[in-house]
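Colleague: In the numbering used here, the protein residues as written are 2 to 1236. Just so it is clear, CB atoms sit at the ideal spot from N, CA and C, and this is done for glycine as well.
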């Protein structure tokens, strides 16, 4: 992309003569004091780029000449010229010259038109209308604060879509006009079409009118034939049904009599069975009482026997264990005896062998006699010399032998004590296991005992409460029976009253929330003395049924009619005409208002009581009632307590027996409650009797508790005996044996140490003695040729010592075996004594068990006999109860059958009445149908009879009797009607619903046709002519509509084309700017958290509405543009300018004092961004007053003023590229670190 090289101005504004400004670098700042003409450089560039005069701060073009602003222009000529250098180095010049009142344009010094000039500018990227390379002073702030619509206009200028506004509006206007014409022709066509439809309808109405008359006539015939056909069919069915019902009725009456006889017989049989059952239950109760006495005795005997058996089993087990131990002990004794015998035999054999050796040695020749004497002499010398040492040595040897024997004895004792200790430990373990079993059994017994006691307490409490409640219930029941007996009305209600009660219950089921009941049941006098008076005043309303609404009352009356029930009086809450209460009457003495002596639990029923009683007064006596009724200024309605009623008209109605009978209804109401209570109490008493039968269970539980307590006591005693006596004794014995074992071990240790020490001393003495012997026997040993005398003696003496040693061992072994055998025999004797003691205990226990078993068997036999008798009586009771229940069931079944047959008879009777009524209705209906046919002249065909007879019959039957009416109906039944013209599908209908539905349909058809004929006017005779005229008119309107619709379609297409071109141009620019602006804003702010975004208010046609522009400054939350600071607004505006410039990039960008609102921080950010962009994107020329900004430029152009007659500007140029931009490098470094 090229750049602006030079700006040449001549006599333009403050520039006098010809001045050359430049050359311009990639980033050039124009500086100078205020008023020096810096902005005139901006105006010069704007002027040469074809800007309008109005945007150059002057009114006329002559004012642009130097000196014109003070009225002294120095010339009529002025010019501005720029030199633009392409990237290839080619130069282009653009000049605009003022001559007089006009200006001319030159391109490369050639005169051209404005349009060619503008086109050449656009070729290098300068769009005059959009001002894409010029930003005037103060424009930056205004850009950020533009309104959305102004911002849209700005985008239209940049994108060139604004050039299509005129064409767009023209096409849109044409489209609207074409669509309005099409709509007008469409409405016209629609109106003519409506006229055509109306003409058609008039023609069709005329044709249809006659057909309706014929159709109505046929439908009336079909209707009457349909009604008559199904009427006759229904009459036939009713006659048939009546015959069947009468036949069934006679059969049911016979069945009713039969069932009544059966019920009487069954009741008699049931009474006899009930008496037998009562006698059996009495016997069963006595047997159960006796059984409850015997069963605990048996359980106690059984528990005692079981306890003795367990003790006997323990003793037998102990004998068995002891016998095993004795058997083992005997085996050990036999083994010891055998070992002792073997030892004696071995000893005898050894002695025999020694004797043979002695005999054999006597034969050997040992020493000569002289040598032997010499030996003896020397031996005596040695003996004398070592006599003291020999004595000491012998003493030591004796002591050594004694200790060795004691050590051997202690070791034997140690083994025996260990054996005894092992046995003691085994017995302790056995007793511990026994303790565990006893403790477990005790715990089980205690748990069982706790559970049984809880059951016992529960049953005792329940039985006591039951007895108490039975007593209360019996007292209440006796009071109720007494009251019933005193009243003397414990009888069954009459059949009529029962029936009325059933009807009322049925009504309550049908209308549960709307039928409240009879007035009698819903209220009552506050005292019995008012019963006669209230009964008299209530009169016929006393048995009236109170309902919620009139509709419910009518439904109930309809139900009574259908059921053929007795008539009833209904009081509907919403239908009653209630007169207001005269409060003054409450102030009269000697009387009370009747409504005040009646109480009810239902607040809504007070209206009913007020309606029935009105302002009636009740008095104590007849005189008071008469006085209050007639002596006052106004007559009152009063009633005395005896029922005498005084009406306002003067009529007096006295009490009577009938009134007293009626007043009993209040008592009957209470008696009914008493009977209900009696039934409840009897049922409660039966339930309590069932609970009282649990006394047997209680006795069984108490017996089990006693038995468990006995077993628990024995087990606890045994457990205590083992813990406190047996186990303690075993532990003591174990402790003694352990102490003895420790003593033996310590004794053995002491003996072993003494033997070892003594052996050392014996060795020392023996060495001394041997030395003395060696000295004395030295020459003797040399003579006999031995080393020393001991060698000689060993040959003869050693064997003797060995023999002595062997004998000593035999003695030790024999002594040990004898001691061990004696100990084992003693232990065996003890165990045998223990076994004998246990056997005696078992023998005694067996005898006791035999006695206990006999006692247990006797108790068991008694219990079994009683249980067998109990079971026998229960079986008898079950049989009797079953028979009684069976008979009762038969009675109930027969009663049910009787009642069912009775109900069926009643139903059949009702059905007969209903059928007869329906038959009469159908005959009357047929009569009326035939009469209608005659009166309305409906032509139905009669195969026999004539409609004229109907008139005669009708005229002749007005004064006839019921029999005569029946005769008339029978005569009409003889008429035979031709139903061949009636549709077969109407004849085939079977159900009443289908017949009723088709009847309604036929009636609706006839009524509809009659209504149509009534509403249909006489036919229009000129309907055909009107129809032809309207058709021609419709064709004309259709042609006009099609032509206007075609025109509207063409206008729509042309408008859409213009709209698309405009939309494409606008959105192409807008999308580019909206994408670029965020990145540019981030770079300007030197922070990636900064955000800038554009959004159209009308996404479909954005050029018709505004465009909103918002920025989020770094470190701040989102806020409207108005709330941003001046510097933030300026940065936002620059971001928008640079983004727009990136869409239509101009080769250079001229800014006039854009840094005015920026602080030093923002100046640094903006100058850094411009510095970066001017490297390879575009050339930037900025008019600036702040050193922080222009110090970053590549070159400076200084503007300064000079003065004579008027101020004129001068220019200086400074190239800064030779000076390093240290501040810019540091800023770039900081920016890189921040990223």
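(1) Any contact of the stretch 1030-1039 with the stretch 187-198, i.e. 3+ C-beta pairs under 8 Å?
(2) Since residue 870 and residue 288 are thought to touch, with beta carbons under 8 Å apart, how far apart are those beta carbons, to the nearest angstrom?
(3) With C-beta atoms as the reference, is residue 1125 less than 8 Å away from residue 1136?
(4) From the DSSP output, read off the bridge partner residues of residue 576.
(5) In chain order, which continuous runs of the alpha helix (DSSP H) of length 4 or greater are located wholly inside the stretch 468-553?
(6) With respect to the alpha helix (DSSP H) encompassing residue 1141, which residues constitute its N-terminal and C-terminal limits?
(7) Assign residue 645 to one of three DSSP states: helix, strand, or coil.
(8) Does the distance from the CB of residue 449 to the CB of residue 709 come in under 8 Å?
(9) Check the DSSP bridge columns for residue 4 and list the partner residues they point to.
(10) Residue 1155 lies in the beta strand (DSSP E); which residues open and close that run?
(11) Expressed to the nearest angstrom, what Euclidean distance is found between the alpha-carbon atoms of residue 693 and residue 702?
(12) Take the Cβ of residue 351 as the centre, count every other Cβ of all protein chains shown within 10 Å, and call the residue buried at 16 or more, exposed below.
(13) Kindly identify the DSSP beta-bridge partner or partners of residue 618.
(14) Cα-Cα, which of 600, 925 and 989 is closest to residue 614?
(15) Expressed to the nearest angstrom, what Euclidean distance is found between the alpha-carbon atoms of residue 39 and residue 180?
(16) For residue 722, report the span of its beta strand (DSSP E) as first-last.
(17) Buried or exposed: which applies to residue 1103, given that a residue is buried once 16 or more other Cβ atoms fall within 10 Å of its Cβ?
(18) Note down, one range per segment and in chain order, each beta strand (DSSP E) of at least 3 residues found wholly within the stretch 82-152.
(19) Please confirm if the stretch 331-339 is in contact with the stretch 738-745, defined as three or more CB-CB distances below 8 Å between the two stretches.
(20) If we ignore side chains and look at the alpha-carbon of each, how far apart do residue 1056 and residue 1062 end up?
(21) If you draw a straight line from the C-alpha of residue 628 to the C-alpha of residue 604, how long is it?
(22) Could you round the C-beta distance between residue 814 and residue 344 to whole angstroms and report it? I think they count as a contact, below 8 Å.
(23) The beta strand (DSSP E) with residue 1112 in it runs from where to where?
(24) Going straight from the alpha carbon of residue 1199 to that of residue 1110, what length do you get?
(25) Tell me, please, whether the stretch 1066-1078 touches the stretch 159-166 by the rule of three or more beta-carbon pairs shorter than 8 Å.
(26) Around the Cβ of residue 1052, are there at least 16 other Cβ atoms within 10 angstroms (buried) or fewer (exposed)?
(27) Go through the stretch 10-54 residue by residue and report every complete run of the alpha helix (DSSP H) that reaches 4 residues or more, in order.
(28) List the endpoints of the continuous beta strand (DSSP E) containing residue 1199.
(29) Look at the Cβ atom of residue 425, then the Cβ atom of residue 738, and state whether they are nearer than 8 Å.
(30) Can you tell me where the alpha helix (DSSP H) holding residue 1096 begins and where it ends?
(31) Three or more C-beta pairs closer than 8 Å, one from the stretch 852-871 and one from the stretch 292-299: is that the case here?
(32) Quick one: Cα of residue 992 to Cα of residue 1013, how far?
(33) Counting pairs of Cβ atoms below 8 Å between the stretch 1039-1047 and the stretch 242-251, do you hit three or more?
(34) Taking the straight line between their C-alpha atoms, what separation do you get for residue 113 and residue 83?
(35) Whose C-beta lies closer than 8 Å to the C-beta of residue 1191 among residues of the same chain, with five residues either side of it excluded?
(36) Mind checking residue 78: buried by the 16 CB within 10 Å criterion, or exposed?
Modeller: On the basis of the coordinates in this document:
(1) yes
(2) Within the chain shown, the letter at position 869 stands for residue 870. Within the chain shown, the letter at position 287 stands for residue 288. Between residue 288 and residue 870 the Cβ distance is about 5 Å, and since that is below 8 Å, they are a contact.
(3) If you number the chain shown from 1, residue 1125 lands on position 1124. If you number the chain shown from 1, residue 1136 lands on position 1135. No.
(4) Counting from one through the chain shown, the residue named residue 576 turns up at place 575. The partner list for residue 576 (beta bridge, DSSP) is empty, contrary to what the question assumes.
(5) 496-511, 520-523 and 532-539
(6) Mapped onto the chain shown, residue 1141 falls at position 1140. Here the alpha helix (DSSP H) through residue 1141 covers 1127-1144.
(7) The residue given as residue 645 occupies position 644 in the chain shown. In the structure shown, residue 645 sits in coil (DSSP, three-state: anything other than H, G, I, E or B).
(8) For the purposes of this step, residue 449 is identified with residue 448 of the chain shown, where counting begins at 1. For the purposes of this step, residue 709 is identified with residue 708 of the chain shown, where counting begins at 1. Yes. Within cutoff.
(9) As a working note, residue 4 is residue 3 in the chain shown. Answer is 86.
(10) To locate residue 1155, count along the chain shown from 1; it is residue 1154. Segment: none, residue 1155 is in no beta strand (DSSP E) and carries neither H nor E.
(11) For the purposes of this step, residue 693 is identified with residue 692 of the chain shown, where counting begins at 1. For the purposes of this step, residue 702 is identified with residue 701 of the chain shown, where counting begins at 1. So the two alpha carbons sit approximately 15 Å from each other.
(12) For the purposes of this step, residue 351 is identified with residue 350 of the chain shown, where counting begins at 1. Burial call: exposed.
(13) As a first step, residue 618 is located in the chain shown; it is residue number 617 there, counting from the start. BP columns for residue 618 point to 594 and 639.
(14) Numbered from 1 along the chain shown, position 613 holds the residue referred to as residue 614. Answer by Cα proximity: 600.
(15) Working through the chain shown from its first residue, we reach residue 39 at position 38. Working through the chain shown from its first residue, we reach residue 180 at position 179. So the two alpha carbons sit approximately 57 Å from each other.
(16) To locate residue 722, count along the chain shown from 1; it is residue 721. Per DSSP, residue 722 belongs to no beta strand (DSSP E); it is in the alpha helix (DSSP H), 696-722.
(17) Within the chain shown, the letter at position 1102 stands for residue 1103. Classification of residue 1103: buried, given that the 10 Å Cβ count is 16 or more.
(18) 92-100, 103-108 and 111-113
(19) The stretch 331-339 vs the stretch 738-745: no contact.
(20) Taking the chain shown and counting its residues from 1, the one referred to as residue 1056 is at position 1055. Taking the chain shown and counting its residues from 1, the one referred to as residue 1062 is at position 1061. Each residue's Cα considered, the two are about 10 Å apart.
(21) Taking the first residue of the chain shown as 1, we reach residue 628 at position 627. Taking the first residue of the chain shown as 1, we reach residue 604 at position 603. For residue 628 and residue 604, the distance between alpha carbons rounds to 33 Å.
(22) Counted from its first residue, the chain shown places residue 814 at position 813. Counted from its first residue, the chain shown places residue 344 at position 343. Indeed, because the Cβ distance is near 6 Å, the residues count as touching under 8 Å.
(23) As a first step, residue 1112 must be located in the chain shown, where it is residue number 1111. Run containing residue 1112: 1108-1113, per the beta strand (DSSP E) assignment.
(24) Taking the first residue of the chain shown as 1, we reach residue 1199 at position 1198. Taking the first residue of the chain shown as 1, we reach residue 1110 at position 1109. In a straight line, the C-alpha of residue 1199 is about 36 Å away from that of residue 1110.
(25) yes
(26) Locating residue 1052 in the chain shown gives position 1051, where the first residue counts as 1. Answer is buried; the Cβ neighbour count reaches 16.
(27) 39-49
(28) Position 1198 of the chain shown holds residue 1199. From DSSP, the beta strand (DSSP E) with residue 1199 extends over 1196-1204.
(29) If you number the chain shown from 1, residue 425 lands on position 424. If you number the chain shown from 1, residue 738 lands on position 737. The Cβ-Cβ distance between residue 425 and residue 738 falls below 8 Å.
(30) In the chain shown, the residue the question calls residue 1096 occupies position 1095. Note, residue 1096: premise wrong, no alpha helix (DSSP H); beta strand (DSSP E) at 1092-1097.
(31) yes
(32) Here residue 992 is taken as the residue at index 991 of the chain shown, counted from 1. Here residue 1013 is taken as the residue at index 1012 of the chain shown, counted from 1. C-alpha separation (whole angstroms): 31 Å.
(33) no
(34) Stepping through the chain shown from its first residue, residue 113 is reached at position 112. Stepping through the chain shown from its first residue, residue 83 is reached at position 82. Taking the straight line joining both Cα atoms gives about 16 Å.
(35) Stepping through the chain shown from its first residue, residue 1191 is reached at position 1190. If the five residues before and after residue 1191 are omitted, its C-beta is found closer than 8 Å to the C-beta atoms of 30, 32, 1183, 1185 and 1197, all from its own chain and listed in chain order.
(36) Taking the chain shown and counting its residues from 1, the one referred to as residue 78 is at position 77. Residue 78 should be labelled exposed.
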